[in-house]
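K.L.:
FYI, this note's numbering numbers position 245 of the sequence shown as 255, with every residue one higher than the one before it. Every residue gets a Cβ at the ideal spot worked out from N, C-alpha and C, and that includes glycine. Computed from a predicted structure; not experimentally measured. Sharing a structure, written as structure tokens. Questions coming.
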Amino acid sequence: MDAKRKAIEHMNSDHMDTLIMLCKHFGAVQNPTNVRLDSIDEDGMDIACDQLLVRVAFLKKAEQNGEGFKTAIIDLMSSLDIKEGIAAVSKDMIDFIDSFNSVLISSLNGDHCVCSYAPVVRDNNDFYILISEVSEHFKSIKENSDKISIMFLEDESKAKTVFARKRASFRSKAIFLDDKKESLFSKFESKFKSESAIKMIKNMSDFHIIKIEINKGRFVKGFGAAYDTDGFEIIQRAHGANPHNNKR
């Protein structure tokens, strides 16, 4: 018996609970019936039920043998945390965000976008960034303060797959707080106390502290695990079903 057929028979015989969970997760079917693993290859699995056929992609190509398929399925299940609720997802998102010292920023400068980053501090439901007026993004953030997007993006070296890096992004609004710079700067001194540059920057008049208010956003944990947010509140799983089209 070849490895594919053996894997299919094993999953259908001994791991129906896993197939049902994957069908619910990727197909957004609340109560799938007659679930079965239809096919498997190095890139993923096709899980069939009465309601639809669901393509489930592996995190990376699987070696086409018994252990290879087993490892790919275990890695996939470990990445999903299917059983966790909204509260757990929300905590995961906040913990993920708090692991960063800087944030990616997209802003609008005339007829083109500016991609940049800045040191960041979170204080309850708001962020504060520290930027210089000589930087390219200063002008774009100041002139189009309500057309900003920020993103916290998982490091490539830590990602299980480069095609589904963990990330949290938000539509945002910038508010310049020059009149409160002295009091707010202590937040940066506390977070970046090991950075020698922070003492130098404090005395530079071209640096500004900007409050970033976040609005609608999205938290992506991996393939088939995207959540819509309103600020830090998880609203719902994004998409009603697996949004990806598969070739047959």
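#1: Run through the DSSP bridge pairs and tell me what Lys80 is partnered with.
#2: Take every Cβ of the stretch 69-76, pair it with every Cβ of the stretch 28-46, and state whether three or more of those distances are shorter than 8 Å.
#3: Report buried or exposed for Ser23, applying the criterion of at least 16 other Cβ atoms within 10 angstroms of its Cβ.
#4: Name the two residues that bound the continuous alpha helix (DSSP H) containing Ala207.
#5: CA-CA distance, His218 and Phe186?
#6: Determine the extent of the alpha helix (DSSP H) in which Phe198 is found, giving its start and end residues.
#7: Note down the Cα distance separating Ala248 from Ile141, rounded to an integer number of angstroms.
#8: So, Ser109 versus Lys170, is the Cβ gap smaller than 9 Å?
#9: Can Phe162 and Leu194 be called in contact, C-beta distance under 9 Å?
#10: Where does the unbroken alpha helix (DSSP H) through Gly37 begin, and where does it stop?
#11: Between Glu143, Lys101, Arg15, Ser145, which has its C-alpha nearest Asn75's C-alpha?
#12: Looking only at DSSP bridge pairs, what is Phe21 linked to?
#13: Out of curiosity, what's the CA-to-CA distance linking Ser117 and Phe106?
#14: How big is the Cα-Cα spacing for Lys80 and Asn225?
#15: What number of angstroms, rounded off, separates the C-alpha of Gln1 from the C-alpha of His35?
#16: The alpha helix (DSSP H) that contains Asp108, what's its start and end?
#17: Classify Phe180 as buried or exposed, calling it buried when 16 or more other Cβ atoms lie within 10 Å of its own Cβ.
#18: Measuring alpha carbon to alpha carbon, tell me which residue in Ser206, Lys221, Gly232, Ala178 is nearest Asp133.
#19: By the 10 Å Cβ neighbour count, where 16 or more other Cβ atoms means buried, how is Arg258 classified, buried or exposed?
#20: Name the two residues that bound the continuous beta strand (DSSP E) containing Ser126.
P.N.:
Judging by the given coordinates:
#1: Answer is none; Lys80 lacks a bridge partner.
#2: no
#3: By the 16-neighbour rule on beta-carbons within 10 angstroms, Ser23 is exposed.
#4: 207-212
#5: 7 Å
#6: 191-201
#7: 33 Å
#8: no
#9: no
#10: Here the alpha helix (DSSP H) through Gly37 covers 26-37.
#11: Arg15
#12: According to the sequence displayed, residue 21 carries Met and not Phe. According to DSSP, which records beta bridges pairwise, Met21 is partnered with nothing at all.
#13: 23 Å
#14: 41 Å
#15: Residue 1 is absent from the structure shown; the chain starts at 11 and stops at 258.
#16: 96-108
#17: Counting C-beta atoms within 10 angstroms of its own C-beta, Phe180 has 16 or more neighbours from the protein chains shown and is therefore classed as buried.
#18: Selected option, being the one with the closest Cα: Lys221.
#19: Note that Arg258 scores 49 on pLDDT, short of 50, meaning its location in the model is unreliable; the coordinates nonetheless yield the value given after this. With fewer than 16 other Cβ atoms inside 10 Å of its own Cβ, Arg258 counts as exposed.
#20: 122-133
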